[in-house]
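For the protein sequence lines, the chains are U and Z, in the order given.
Under the numbering used here, the first residue of the first sequence carries the number 834, and numbering increases by one thereafter.
Under the numbering used here, the first residue of the second sequence carries the number 2, and numbering increases by one thereafter.
Quick reminder that beta carbons are idealized off the backbone N, C-alpha and C, glycines included.
Just so you know, these numbers come straight off a predicted model, no measurement behind them.
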Amino acid sequence: MSTLWQNVTVAVILMAATGYLVWHTLRRRRNKAVCANCSAHVKSRPARSI
Amino acid sequence: MATRTDAPRTRRQTVTVAICGNPNCGKTTIFNAITGLRQRVGNYPGVTVEKTTGTFAVAEHDRLTFNLLDIPGTYSLAAYSPDEYIAALALFGRVEGESRPDVVVCVIDATNLERSLYLAFQVMQTGAAVVIALNMMDLLENSGREIDLNQLSHELGGVAVIPITANRGRGIVELKAAIAGAVGRRGEYPQDLCDPRLLEEVEALAAVGEPSEYSQAELIRVLVDEHGPAERDFLAEYQESKREALQQARTRLRAALGSPAGAETTHLTGRATEVAGRVTRMHGKPRRSPTDRIDRIILHPVGGLIILAALMLCMFQSIFTWAEPLMRVIDTVFSSLSAHIAPLMSDGPFRSLVVDGVIGGVGSVLVFLPQIVILFVFIAVLEDSGYMPRAAFLVDRAFGWCGLSGKSFIPMLSSFACAVPGIMATRTIEDRRQRLLTILVSPLMSCSARLPVYTIMIAAFIPQKTVLGFLGVQGLVLASLYLLGIVTAVLVALTTKIFVHKRRRGSFLMEMPTYKMPTLQSVAIRVYTRAKSFVVRAGTVIFAITIIIWALSYYPHADRIRDDFAARRTQIERQVDISSGANAAVQKREALIQLERDESGTYLRDSYFGWVGRLVEPAFRPLGWDWKVTMAALASFPAREVVIATLGTVYNLGSDGNAESSLLVDKMRQATWDDGPHFGQPVYSVAVALSVMVFFALCCQCGATLVTIRQETNGWRYPALVFGYMTGLAYMGALIVYQVASRVLAS
């Protein structure tokens, strides 16, 4: 593989890695352990703070 | 029938079943036995803070699908801590996504009937169809007692009472049949479960003002639990008329019964004592249980602490001793992978990415898998055997004077595995300030992500000596780092107590569960889950970060450096060709290897990573760090393990590719300063290793922990505080350790 093609491949991988990290950081976490029990999900109750 | 759908009769109907009980009554084991779902079986109170659901079917009831909800363990519906309140809300049908339970399975510890009946009575007050699962029947028989099941059922208004020995799977089929049989039956429970005066006031409160959607059982909680979350939510939801009615009802109750909560406790405890007395029979003399006999030794004020210290030391020694051969195997696999792949690819950035970045970076992290596994085998065995609450009890005294209680110790113990579940476990702490304080100090406990950093530094720079003939210095240093986290947490708590809020310590009440032999399945599942999470993390987040770090360390890869070194290479070859002598070929080879090493180093220094590293290096030079260590530490702020991957990538890129060993440990030993006053001298020494380890022990380099603190405290204030104070502590700690250690070791 020529250096140019290697650079292109690396650029694609780099963009994918950056995209994954951005998605991983910004995604709305559906963490069952927190979400299912947290105060925001209790019916007709105001959100509680500790 | 209380089912969830109005579908035609031929369709399957879903029945919601909730399973509740005191902590450590075997509720989770029964849940697993019924549903077959994999779930952690813990021993100490508060382990079921998360919601778990599963489904099951019952023979001869094939039109019904049963949805089983595991409710956090609680002693009473009088909720003050967040997880107790969740348990109460789930039983009242107030948790989003879950309907009001059609059947409630109340798990009762047969060896502790009187205490368990208290909760059962409160569950009956909700009006749900109740099935009693009388667990631990084997332990009851061993203690020389028996319970008249028919009499108990009669005393409880005819509910089904099913004897169970959950850990041996006895009685599960009968329990499932009893659940199916209870569907659609509303309980006709004894009328005297609630004080008549209290009931009168509940009805009066419901009748005032706008119609209330609160059930009778919920209104009991609002009236009885003064300043509790039920009252707070009620006040937030209703207008002035109901609030006034609540205060008036309380005043009347106080005049008639004294404290409403005290009156409820006296009433229910009295009923529980009566019922338990009528249904329990003794045969023969009461026997001392094995748990009592073991506790005489384990909970001894002095002996217990010695056993605890010995167990901890044994754990840390084993992490080094047992993991070593497996680590070598994994390292060999990655080295040979690298050696096989490199020649197949042409020289260039993609090959460097695969060999130096991916294999060098992620491989360096995965080598630590055996140590993680050993750590979690120990933690799983200690938790499943019932030892952990005893450890909390033993150290409660040490925590009391600094403002933390034994209840804080449980989240802190969990934080040794990972701070995220540890911080979530603080929901069991009723006192708001104590909970916040525990959240602030829990990340100081050395989690499993710090282990690779400790072990690589210790393996590379702490000598393999023994003291007193049997104690390894490496294990002692590792134990000291874990101790450092605990001592710092105590000091932070003490400082907060002195300067922020001066409070008397709260009481510490914790149930000691019976000792159990940890099952191989339970330990294996927990270790597998942790190991999987470690590998997945290495293969996703750390993999992605490694690629970015590789790119920053590789580019711009300037042509002028290549041309410069090509010219120097030609010059060396010419010079050696002209010179004669026996050693000419050897000299030429050595000169070319040195040139290749210089070229790699120059590329790295010239990279974006190197440029930023040299810019910030002066701030970390007092800690004894060069720019590579500095950048590895800074890059690991999202996740600690990244430091290993970064060092793996940087030292791979900076090496000549002919290194004698592929081990990161060896590369770190060979690393030298590439500029400045220490040029050519080794970067790492014992003092630098200690400084790095102390920094990682005290620093909050974990994005997941900060996000969890934000979720648990509803804001960014506390995550910012945790990050700020821990980073400050880490810097100061590393600075002091380096300055002191380098002077002491030099003299």
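- [ ] Assign Z:P73 to one of three DSSP states: helix, strand, or coil.
- [x] Position 72 of the second sequence, counted from the start, is the residue given in the question as residue 73 of chain Z. The DSSP-derived three-state label of Z:P73 is coil.
Task: Extent of the continuous alpha helix (DSSP H) run through Z:M750 - done: The requested residue 750 of chain Z does not occur in the structure, where chain Z is confined to residues 2 to 748.
Task: Extent of the continuous alpha helix (DSSP H) to which Z:F335 belongs - done: Indexing the second sequence from 1 puts residue 335 of chain Z at position 334. Membership of Z:F335 in the alpha helix (DSSP H) is indicated by the continuous run G304 to I342.
Task: Alpha-carbon to alpha-carbon, Z:D432 and Z:A79 - done: As a first step, residue 79 of chain Z is located in the second sequence; it is residue number 78 there, counting from the start. As a first step, residue 432 of chain Z is located in the second sequence; it is residue number 431 there, counting from the start. Between Z:A79 and Z:D432, the C-alpha separation is close to 15 Å.
- [ ] Check whether the Cβ atoms of Z:S554 and Z:L605 sit closer than 9 Å, and answer yes or no.
- [x] If you number the second sequence from 1, residue 554 of chain Z lands on position 553. If you number the second sequence from 1, residue 605 of chain Z lands on position 604. For Z:S554 and Z:L605, yes; Cβs fall inside 9 Å.
Open item on the list: Is the separation between the beta-carbon of Z:L596 and that of Z:R569 shorter than 9 Å?
Closed with: Looking up residue 596 of chain Z in the second sequence gives position 595. Looking up residue 569 of chain Z in the second sequence gives position 568. Contact flag set, yes.
Open item on the list: By the DSSP assignment, the alpha helix (DSSP H) with Z:E713 in it spans what residues?
Closed with: Taking the second sequence and counting its residues from 1, one reaches residue 713 of chain Z at position 712. Per DSSP, the unbroken alpha helix (DSSP H) holding Z:E713 starts and ends at G704 to T714.
TODO: Spell out whether any CB of chain Z is found under 9 Å from the CB atom of U:L847.
DONE: Here residue 847 of chain U refers to the residue found at position 14 when the first sequence is read from its first residue. Yes, its Cβ sits closer than 9 Å to a Cβ of chain Z.
Open item on the list: With distance defined between alpha-carbon atoms, name the residue in Z:E61, Z:T166 and Z:T15 nearest to Z:K28.
Closed with: As a first step, residue 28 of chain Z is located in the second sequence; it is residue number 27 there, counting from the start. When each option's Cα is compared against that of Z:K28, the closest is Z:T166.
Task: Three-state class that DSSP yields for Z:I487 in the structure shown - done: The sequence position of residue 487 of chain Z within the second sequence is 486, counting from 1. Correct three-state label for Z:I487: helix.
TODO: Check Z:R622 in the structure and name its three-state DSSP category.
DONE: Here residue 622 of chain Z is taken as the residue at index 621 of the second sequence, counted from 1. The answer is helix: DSSP assigns Z:R622 an H, G or I state.
TODO: Kindly indicate the opening and closing residues of the alpha helix (DSSP H) around Z:R744.
DONE: As a working mapping, residue 744 of chain Z is identified with position 743 in the second sequence. Residues R718 to A747.
Open item on the list: With the cut-off set at 9 Å, would you say Z:L254 and Z:M316 are in Cβ contact?
Closed with: By 1-based counting over the second sequence, the position of residue 254 of chain Z is 253. By 1-based counting over the second sequence, the position of residue 316 of chain Z is 315. Contact: no.
Task: Buried versus exposed, by CB contacts within 10 Å (16 or more), Z:T631 - done: As a working mapping, residue 631 of chain Z is identified with position 630 in the second sequence. Around the C-beta of Z:T631, 16 or more other C-beta atoms lie within 10 Å, and the residue is accordingly described as buried.
TODO: Indicate whether at least one CB of chain U lies closer than 9 Å to the CB of Z:R352.
DONE: Mapped onto the second sequence, residue 352 of chain Z falls at position 351. It does; some Cβ of chain U falls within 9 Å.
TODO: With Z:L194 as the anchor, note down where its beta strand (DSSP E) starts and where it stops.
DONE: Stepping through the second sequence from its first residue, residue 194 of chain Z is reached at position 193. From DSSP, Z:L194 is part of no beta strand (DSSP E); its letter is neither H nor E.
TODO: Give the DSSP-derived three-state secondary structure of Z:T127 in the structure shown.
DONE: One-based indexing of the second sequence puts residue 127 of chain Z at position 126. Reduced to three states, the DSSP call for Z:T127 is coil.
Open item on the list: Contact criterion: CB-CB distance below 9 Å. Does U:L859 meet it with respect to chain Z?
Closed with: As a first step, residue 859 of chain U is located in the first sequence; it is residue number 26 there, counting from the start. Output row for U:L859: interface = no.
- [ ] Return helix, strand or coil for U:V841, following the three-state DSSP convention.
- [x] Looking up residue 841 of chain U in the first sequence gives position 8. Of the three classes helix, strand and coil, the one that applies to U:V841 here is helix, per DSSP.
Open item on the list: According to DSSP, is Z:N113 part of a helix, a strand, or is it coil?
Closed with: Position 112 of the second sequence, counted from the first residue, corresponds to residue 113 of chain Z. In this structure, Z:N113 counts as helix in the three-state DSSP scheme.
Task: Short CB-CB distance (under 9 Å) between Z:T166 and chain U - done: Within the second sequence, numbered from 1, the residue matching residue 166 of chain Z stands at position 165. By this cut-off, Z:T166 is not an interface position.
Task: From Z:W628, Z:I20, Z:L482 and Z:N68, residue whose alpha carbon lies closest to that of Z:T56 - done: As a working note, residue 56 of chain Z is residue 55 in the second sequence. Checking every option, the nearest Cα to that of Z:T56 belongs to Z:N68.
- [ ] Measure the alpha-carbon distance for Z:K668 versus Z:A532 and round it to whole angstroms.
- [x] Residue mapping note: residue 668 of chain Z aligns to position 667 of the second sequence, counting from 1. Residue mapping note: residue 532 of chain Z aligns to position 531 of the second sequence, counting from 1. Their backbone Cα atoms lie some 27 Å apart in a straight line.
Open item on the list: Looking at the strands, I want to know which residues DSSP matches up with Z:G22.
Closed with: In the second sequence, residue 22 of chain Z corresponds to position 21, counting from 1. Answer by DSSP bridge pairing, in chain order: Z:V108.
- [ ] Can you pull the chain A residues whose beta carbon is under 8 Å from the beta carbon of Z:A552, in chain order?
- [x] Absent from the structure: chain A. Protein chains present are U and Z.
- [ ] Give the secondary structure of Z:E219 by DSSP, where H, G and I count as helix, E and B as strand, and everything else as coil.
- [x] Reading the second sequence from its first residue, position 218 is the one you call residue 219 of chain Z. In this structure, Z:E219 counts as helix in the three-state DSSP scheme.
Open item on the list: Determine, for Z:V536, whether the minimum Cβ-Cβ distance to residues of chain U falls below 9 Å.
Closed with: The count along the second sequence starts at 1 and reaches residue 536 of chain Z at position 535. No - not a single Cβ of chain U is within 9 Å of the one on Z:V536.
Task: Reference Z:V106, options Z:R64, Z:G74 and Z:P514, closest by Cα - done: Mapped onto the second sequence, residue 106 of chain Z falls at position 105. When only C-alpha atoms are compared, the closest one is Z:G74.
TODO: Give a yes or no on whether the minimum CB-CB distance between Z:A545 and chain U is below 9 Å.
DONE: In the second sequence, residue 545 of chain Z corresponds to position 544, counting from 1. For Z:A545, the answer is yes, since a Cβ of chain U falls inside 9 Å of its Cβ.
Open item on the list: Am I right that Z:V59 and Z:A178 are in contact with their C-beta atoms under 8 Å? What's the rounded C-beta distance?
Closed with: The sequence position of residue 59 of chain Z within the second sequence is 58, counting from 1. The sequence position of residue 178 of chain Z within the second sequence is 177, counting from 1. Yes, Z:V59 and Z:A178 are in contact; Cβ-Cβ is about 6 Å, under 8 Å.
TODO: Evaluate the contact criterion for the region 612–627 of chain Z versus the region 412–427 of chain Z: three or more CB pairs, one atom per stretch, below 8 Å.
DONE: Because the criterion of three Cβ pairs below 8 Å is not met, the region 612–627 of chain Z and the region 412–427 of chain Z do not touch.
Task: Beta bridge counterpart(s) of Z:F67 as assigned by DSSP - done: By 1-based counting over the second sequence, the position of residue 67 of chain Z is 66. DSSP, once it has assigned bridges, lists Z:V16 and Z:F57 as partnering Z:F67.
TODO: Please classify Z:S584: does DSSP put it in a helix, a strand, or coil?
DONE: Translated into the one-based positions of the second sequence, residue 584 of chain Z becomes position 583. Correcting the residue identity first, residue 584 of chain Z is Asn in this sequence and not Ser. The answer is coil: DSSP assigns Z:N584 none of H, G, I, E or B.
- [ ] Give the secondary structure of Z:S662 by DSSP, where H, G and I count as helix, E and B as strand, and everything else as coil.
- [x] Looking up residue 662 of chain Z in the second sequence gives position 661. At Z:S662, the pLDDT of 46 sits below 50, so the modelled position is not reliable and the matter cannot be decided from this model.
Open item on the list: I'd like to know if Z:V644 contacts chain U, where contact means its C-beta is closer than 9 Å to some C-beta of that chain.
Closed with: Numbered from 1 along the second sequence, position 643 holds the residue referred to as residue 644 of chain Z. No - not a single Cβ of chain U is within 9 Å of the one on Z:V644.
- [ ] Determine the extent of the beta strand (DSSP E) in which Z:E147 is found, giving its start and end residues.
- [x] The residue labelled residue 147 of chain Z in the question sits at position 146 within the second sequence. Per DSSP, Z:E147 belongs to the beta strand (DSSP E) from R146 to I148.
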